[in-house]
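For the sequence shown, the numbering used here assigns the number 78 to the initial residue and increments by one for each residue that follows.
Using N, Cα and C, we set each Cβ at its ideal position, and we do this for glycine too.
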Amino acid sequence: MRASSIPPVGARVLVIDNYDSFVFNLVQYLGELGAEPIVRRNDEIDLDGVAALDPDAILISPGPGTPHDAGISCELIREWAGHRPILGVCLGHQAIGEVFGGDVVRAEQVMHGKTSPVHHAGEGVFAGLPEPFEATRYHSLVVDPATLPEVLEVTAWTDPEAGAGTVIMGLRHREHDVEGVQFHPESILTGTGHQILQRFLDRVSPSAKSSPSPGLTTR
Numbered sequence: 078m079r080a081s082s083i084p085p086v087g088a089r090v091l092v093i094d095n096y097d098s099f100v101f102n103l104v105q106y107l108g109e110l111g112a113e114p115i116v117r118r119n120d121e122i123d124l125d126g127v128a129a130l131d132p133d134a135i136l137i138s139p140g141p142g143t144p145h146d147a148g149i150s151c152e153l154i155r156e157w158a159g160h161r162p163i164l165g166v167c168l169g170h171q172a173i174g175e176v177f178g179g180d181v182v183r184a185e186q187v188m189h190g191k192t193s194p195v196h197h198a199g200e201g202v203f204a205g206l207p208e209p210f211e212a213t214r215y216h217s218l219v220v221d222p223a224t225l226p227e228v229l230e231v232t233a234w235t236d237p238e239a240g241a242g243t244v245i246m247g248l249r250h251r252e253h254d255v256e257g258v259q260f261h262p263e264s265i266l267t268g269t270g271h272q273i274l275q276r277f278l279d280r281v282s283p284s285a286k287s288s289p290s291p292g293l294t295t296r
């Protein structure tokens, strides 16, 4: 792109920052793909504030702790599912699992800065990606596959390694445009990160939102 080129105005993506150092890598990737990220800490915005922003899409970031420590994240997923596309990354992925009835449990194997081959069904944000691909993982918690509710489907997974069982690496809602990834697409060692976020943005249209926001329908 020439220096004089003006990038197109893209989707306004609300990024909920769960106090994680990777958040601004996600923000940078979104910007590089033409989106307009709007970053808010998980304790500095409420549902009224989100309704006032009326974003085109929502991204729930990684972060420390459990979904219970993620401020507005779970409430936001519950309120906005079916109104805007939602992508959860790591902690955000776990929050999606918990909101819809799954259990978040301690992983059999802690993964911090390690890469694993991720297998997938070629659906959602994984459409058109290599099978498998390498992804970077930073997590000690996982969504328990034994408790996964019927409304969620597994879209990506890892093979068992070092005695650990298969780990859910991706899930999505069967009816709403809500999807989560357990790994970090924004890590430099996840070579498909830009593609994954582009697949998410492909489902967003600033000029043709799929439905009114909860704030516009309930207030």
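DSSP, reduced to helix, strand and coil, places Val176 within a helical segment of the structure shown. Between Pro194 and Thr232, the gap from beta carbon to beta carbon reaches 8 angstroms or more. The Cβ-Cβ distance between His261 and Phe101 does not fall below 8 angstroms. Your pair Trp157 and Pro291 checks out as a contact, with CB atoms roughly 6 angstroms apart and the cut at 8 angstroms. Glu109 carries a helical assignment under DSSP once its states are collapsed to helix, strand and coil. Put simply, of Arg276, Gln275, Glu263, Leu274 the residue whose alpha carbon is nearest the alpha carbon of Asp97 is Glu263. Distance between Val244 and Asp133, taken at the CA atoms: about 31 angstroms. For Ile135 and Val92, the gap between their C-alpha atoms comes out near 6 angstroms. Counting of Cβ neighbours within 10 angstroms places Gln105 among the exposed residues, the total staying below 16. For Leu218, the closest C-alpha among the options Val127, Arg155, Gly179 is that of Gly179.
Comparing alpha carbon positions, the residue from Gly140, Asp123, Gly87 closest to Pro114 is Gly87.
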